[in-house]
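What follows is a single structure, written as structure tokens, with notes after it.
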């Protein structure tokens, strides 16, 4: 019988080492959760990854023109709402209301920050990326840029 504390300890040490040599905590967490010997650590590392600040990219959209005014979270979103669409990986099943729905995020870009709520999904966004409504994007940068390098966190 495998001692679950020993397995958890070994997994935590492995994740710490991976964090030291990895480009981000989420990369290390993704590798650590692939350990097939146990899933004791899976929620621990997912929670840690979800709480960390992610360094990713942001694009912008207009709800009424890009997919309609009903977000994937099944709530109305106006073009001037402070809403983000979560990337597909973190959103989960696109045909369901996600656990990320309604969560607030704080987004940073070049000394500026803005808060918004997750109300939609972005199927084409990569892990960590966000699609922002124009008011959110506009608080951080210029629309002609199209894409911003951002960091963000759940609040």
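Numbering (mature numbering (1 follows the signal peptide of the UniProt record, and there is no 0)), first residue to last: -28 to -1, 1 to 127. Glycine residues also receive a C-beta, built at the ideal position from the N, C-alpha and C atoms.
Please report the Cβ distance between residue 79 and residue 93, rounded to the nearest whole angstrom; I am assuming they are in contact, meaning their Cβ atoms lie under 8 Å. Taking the first residue of the chain shown as 1, we reach residue 79 at position 107. Taking the first residue of the chain shown as 1, we reach residue 93 at position 121. Not really, about 17 Å apart at Cβ, beyond 8 Å.
Under a Cβ-count criterion, where at least 16 other Cβ atoms within 10 Å of its own Cβ denotes burial, should residue 36 be classed as buried or exposed? On the chain shown, residue 36 is found 64 positions in, with the first residue counted as 1. It counts as exposed.
Residue 58 classed as buried or exposed, judged by whether at least 16 other C-beta atoms fall within 10 angstroms: On the chain shown, residue 58 is found 86 positions in, with the first residue counted as 1. Buried, since its Cβ has 16 or more Cβ neighbours within 10 Å.
Could you check what DSSP says for residue 114 in three-state terms: helix, strand or coil? Against the chain shown, residue 114 aligns to sequence position 142. Residue 114 falls in the coil class under three-state DSSP.
Using alpha carbons as the reference points, say which of 77, 42 and 83 lies closest to residue 67. As a working note, residue 67 is residue 95 in the chain shown. With distances taken between Cα atoms, residue 67 lies closest to 42.
Beta-carbon separation of residue 56 and residue 26 under 8 Å? Along the chain shown, one-based indexing puts residue 56 at 84. Along the chain shown, one-based indexing puts residue 26 at 54. In terms of Cβ geometry, residue 56 and residue 26 do not form a close pair [threshold 8 Å].
Rounded to a whole number of angstroms, what is the C-alpha to C-alpha distance between residue 18 and residue 99? The residue you call residue 18 lines up with position 46 of the chain shown. The residue you call residue 99 lines up with position 127 of the chain shown. Because the pLDDT of residue 18 is 46, which lies under 50, any placement of that residue in the model is unreliable, and the number read from its coordinates should be weighed accordingly. Straight-line Cα distance between these residues: approximately 13 Å.
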